[in-house]
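*Asks:* Residue numbers (full-length UniProt numbering): 1 to 485.
#1: Taking contact to mean at least 3 C-beta pairs separated by less than 8 Å, is the stretch 302 to 315 in contact with the stretch 332 to 347?
#2: Quick one: any contact between the stretch 148 to 164 and the stretch 42 to 55, if contact means 3 or more CB pairs under 8 Å?
#3: So for residue 38, helix, strand or coil by DSSP?
#4: Taking 8 Å as the CB-CB cut-off, is residue 15 touching chain D?
#5: For residue 138, collect the residues of the same chain with a Cβ closer than 6 Å to its Cβ; drop the 5 residues on either side in sequence, then sort them by chain order.
#6: What residue from 357, 192, 68, 454 has the CA that sits closest to residue 328's CA?
#7: When DSSP labels each residue in this structure, what does residue 314 get in the three-state scheme?
#8: Near residue 378, what residues of its chain come up, given a Cβ to Cβ distance below 6 Å and the 5 sequence neighbours on each side ignored?
#9: Which ranges does the alpha helix (DSSP H) cover as unbroken runs of at least 4 residues, wholly within the stretch 287 to 348, from first to last along the chain?
#10: Given this structure, state the Cα-to-Cα distance separating residue 115 from residue 87, to the nearest angstrom.
#11: Taking just the CA atoms, how far does residue 334 sit from residue 402?
#12: Do residue 440 and residue 320 have their C-beta atoms closer together than 8 Å?
#13: Whole angstroms are fine: how far does the CA of residue 217 sit from the CA of residue 460?
#14: Buried or exposed for residue 390, please, with buried defined as at least 16 other CB atoms from any protein chain shown within 10 angstroms of its CB.
#15: Measuring straight from C-alpha to C-alpha, what distance separates residue 384 and residue 353?
#16: Apply the 10 Å Cβ neighbour rule to residue 72 and answer buried if 16 or more other Cβ atoms are within range, or exposed otherwise.
#17: Sort 194, 394, 24 by Cα distance to residue 473 and report the nearest one.
#18: What residues are listed by DSSP as bridge partners for residue 351?
#19: Quick check on residue 244: buried or exposed, where buried means 16 or more other Cβ atoms within 10 Å of its Cβ?
#20: Tell whether a beta-carbon distance below 8 Å holds between residue 410 and residue 430.
#21: What first and last residue would you give for the beta strand (DSSP E) that runs through residue 65?
#22: Could you check which residue in 215, 76, 442, 177 has the C-alpha nearest to that of residue 476?
#23: At 4 residues or longer, what runs of the alpha helix (DSSP H) sit wholly inside the stretch 419 to 459?
#24: Cβ of residue 252 within 8 Å of Cβ of residue 468?
#25: Pop quiz: residue 347 and residue 364 are said to be a contact at Cβ under 8 Å. What is the actual Cβ separation, rounded to whole angstroms?
#26: Can you grab the Cα-Cα spacing for the pair residue 89 / residue 36, in whole Å?
#27: Would residue 371 be called buried (16 or more neighbouring beta carbons within 10 Å of its own) or exposed?
#28: Who are the near neighbours of residue 69 in its chain, counting only those whose CB is closer than 8 Å to its CB and skipping five residues on each side?
#29: Would DSSP call residue 199 helix, strand or coil?
#30: On the three-state DSSP scale, how would you describe residue 476?
#31: Whole angstroms is fine: what's the gap from residue 421's alpha carbon to residue 283's?
#32: Please list the terminal residues of the continuous beta strand (DSSP E) segment that includes residue 390.
#33: Since residue 280 contacts residue 269 with CB under 8 Å, what's their CB separation in whole angstroms?
#34: Within the continuous alpha helix (DSSP H) that includes residue 375, where are the two ends?
#35: Residue 208 by DSSP, collapsed to three states: which one?
Quick look at the structure:
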């Protein structure tokens, strides 16, 4: 059963009133009622507005809710009444739930009874608009509105997480580095010429990263004069080391200009130039320290069956030329001009084992040098002995320089045509010697060597060419699938 409650008029009036519909409590009545402003927390404030159920409701500085719409445990007594931070109005007339107004003191009740008796004992009718019905105290408001609020918050959190994930993806796409392409082996192959990210990562972890602490950057001194003094401060890097390696491989594989690379990696063009020269020297040292010349027993162990007739072959040699910018000096032009390419070139010699691995790389020389002279100056002669045969093309007349055999297609000489045995020998040697041409083609797939090499990189072209040759042993699969072991 609910009972009707009469409000007492206050001695000190104020303008406070409750903004809840159907609630006429104001500062003119009953000193036991307090008024509370809307919370500043947006989430809790939204729940307050939802529970009050007012259309086009605008919250102002003096908008308040009386304490009759809150649970008793949400009100902090003692001194001025305050609400707990998580307090939410839940007691309203439309949900048939209310709390009784605290009764006045005994003395006030007696005085009121006397006044009523003096006026005739008839109790004045009470306006229903200023009263609330009291019901069962043990009931609780249905938490449906809280569930809806929590669901809304959860949906917003999920949306925020999805937006963060998309932002990370967009940020990653804007960064030109190895992490951007690690999921695509095709992209890794295009930019670095390694078979895939797993292959590239193995090369980085086992061959390069363990010695990166000894890297000496261009323009950085490699010696320390005073060991007792503080070590020199290392310059800050614009890119992680693995991305610097990635930049160098992109430069080598695609032959991009330094300005293009600076724009892709979002660094200065001079920084790109220093990174390229630093890694050219560093990889030239690191990969060059690995012995690529193979012992005769190792070569024979890897010998393909196609070399059965020439099983003593230790190395297959051939020369290759790279076009370069024409120098202004006429003397240099005459020295670097190649009759074969009809252009100024630099020339080097490459040696591969019968199973296709690069086992020898010479220094680059001027394009006018002959194959025989290049063979003589390359430094390969001390590596050969009487049991090692060399397979070469017709241009290598090196019989007097090699201690062992030379497998070379026969010359026509004074004969009008080759004999049947010479034709078969020419065809067989050419069929085996073509593998060195395939290795050279793999090396020249690095687009840096496709175009005319500018003189600005003439100081590091030897290192770049040697690194490209040595990397071919790490990047590529066997020349012939049947040779894979």
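The beta carbon of each residue, even a glycine, is placed where N, CA and C say it ideally should be.
*Replies:* Considering the structure as presented:
#1: no
#2: yes
#3: Numbered from its first residue, the chain shown carries residue 38 at position 38. Looking at residue 38 - three-state DSSP - the assignment turns out to be coil, as it is neither helix nor strand.
#4: Protein chain content of the structure displayed is limited to a single chain, and chain D is not contained in it.
#5: Within the chain shown, the letter at position 138 stands for residue 138. Note on residue 138: pLDDT 45, under 50, position unreliable in the model; no value is reported.
#6: Along the chain shown, one-based indexing puts residue 328 at 328. Of the candidates 357, 192, 68, 454, the one whose C-alpha sits nearest the C-alpha of residue 328 is 454.
#7: The sequence position of residue 314 within the chain shown is 314, counting from 1. Residue 314: strand per DSSP, three-state reduction.
#8: Residue numbering aside, residue 378 sits at position 378 when the chain shown is read from its first letter. The residues are 349, 362.
#9: 296 to 301, 330 to 336
#10: Indexing the chain shown from 1 puts residue 115 at position 115. Indexing the chain shown from 1 puts residue 87 at position 87. Note that residue 115 scores 46 on pLDDT, short of 50, meaning its location in the model is unreliable; the coordinates nonetheless yield the value given after this. Cα to Cα, residue 115 sits roughly 40 Å from residue 87.
#11: Taking the chain shown and counting its residues from 1, the one referred to as residue 402 is at position 402. Taking the chain shown and counting its residues from 1, the one referred to as residue 334 is at position 334. The straight-line gap from Cα to Cα measures roughly 30 Å.
#12: Position 440 of the chain shown, counted from the first residue, corresponds to residue 440. Position 320 of the chain shown, counted from the first residue, corresponds to residue 320. Going by C-beta atoms, residue 440 is nearer than 8 Å to residue 320.
#13: Locating residue 460 in the chain shown gives position 460, where the first residue counts as 1. Locating residue 217 in the chain shown gives position 217, where the first residue counts as 1. Those two C-alpha atoms are separated by around 14 Å.
#14: By one-based count along the chain shown, residue 390 stands at place 390. It is buried - the Cβ of residue 390 has at least 16 other Cβ atoms within 10 Å.
#15: For the purposes of this step, residue 384 is identified with residue 384 of the chain shown, where counting begins at 1. For the purposes of this step, residue 353 is identified with residue 353 of the chain shown, where counting begins at 1. Straight-line Cα distance between these residues: approximately 13 Å.
#16: On the chain shown, position 72 is the one that residue 72 refers to. The residue is exposed, with fewer than 16 neighbouring Cβ atoms inside 10 Å.
#17: As a first step, residue 473 is located in the chain shown; it is residue number 473 there, counting from the start. Taking only the C-alpha atoms, the option nearest residue 473 is 194.
#18: Working through the chain shown from its first residue, we reach residue 351 at position 351. Looking at the DSSP assignment, residue 351 forms a beta bridge with 317, 360.
#19: Here residue 244 corresponds to residue number 244 of the chain shown, with the count starting at 1. Its Cβ being crowded by 16 or more others within 10 Å, residue 244 is buried.
#20: Walking along the chain shown from the start, residue 410 turns up at place 410. Walking along the chain shown from the start, residue 430 turns up at place 430. Result no, Cβ atoms of residue 410 and residue 430 do not sit closer than 8 Å.
#21: Along the chain shown, read from residue 1 onward, the residue named residue 65 stands at position 65. First-last of the beta strand (DSSP E) with residue 65: 64 to 66.
#22: As a working mapping, residue 476 is identified with position 476 in the chain shown. Closest option to residue 476, Cα to Cα, is 442.
#23: 420 to 444
#24: The count along the chain shown starts at 1 and reaches residue 252 at position 252. The count along the chain shown starts at 1 and reaches residue 468 at position 468. In contact: residue 252 and residue 468 (Cβ atoms closer than 8 Å).
#25: Against the chain shown, residue 347 aligns to sequence position 347. Against the chain shown, residue 364 aligns to sequence position 364. The pair is a contact, with the Cβ atoms about 7 Å apart (cut-off 8 Å).
#26: As a first step, residue 89 is located in the chain shown; it is residue number 89 there, counting from the start. As a first step, residue 36 is located in the chain shown; it is residue number 36 there, counting from the start. Approximately 10 Å, taken between the alpha carbons.
#27: Translated into the one-based positions of the chain shown, residue 371 becomes position 371. Per the 10 Å Cβ criterion, buried.
#28: Taking the chain shown and counting its residues from 1, one reaches residue 69 at position 69. 18, 20, 23, 89, 90, 91, 92, listed in sequence order.
#29: For the purposes of this step, residue 199 is identified with residue 199 of the chain shown, where counting begins at 1. If DSSP states are grouped into helix, strand and coil, residue 199 belongs with the helices.
#30: One-based indexing of the chain shown puts residue 476 at position 476. Coil.
#31: Working through the chain shown from its first residue, we reach residue 421 at position 421. Working through the chain shown from its first residue, we reach residue 283 at position 283. In a straight line, the C-alpha of residue 421 is about 46 Å away from that of residue 283.
#32: Sequence index remark: in the chain shown, residue 390 carries index 390 (1-based). Looking at the DSSP string, the run of the beta strand (DSSP E) that includes residue 390 is 389 to 391.
#33: Taking the first residue of the chain shown as 1, we reach residue 280 at position 280. Taking the first residue of the chain shown as 1, we reach residue 269 at position 269. The pair is not a contact, with the Cβ atoms about 17 Å apart (cut-off 8 Å).
#34: Position 375 of the chain shown, counted from the start, is the residue given in the question as residue 375. Element bounds for residue 375: 371 to 377.
#35: In the chain shown, counting from the first residue as 1, residue 208 sits at position 208. In this structure, residue 208 counts as helix in the three-state DSSP scheme.
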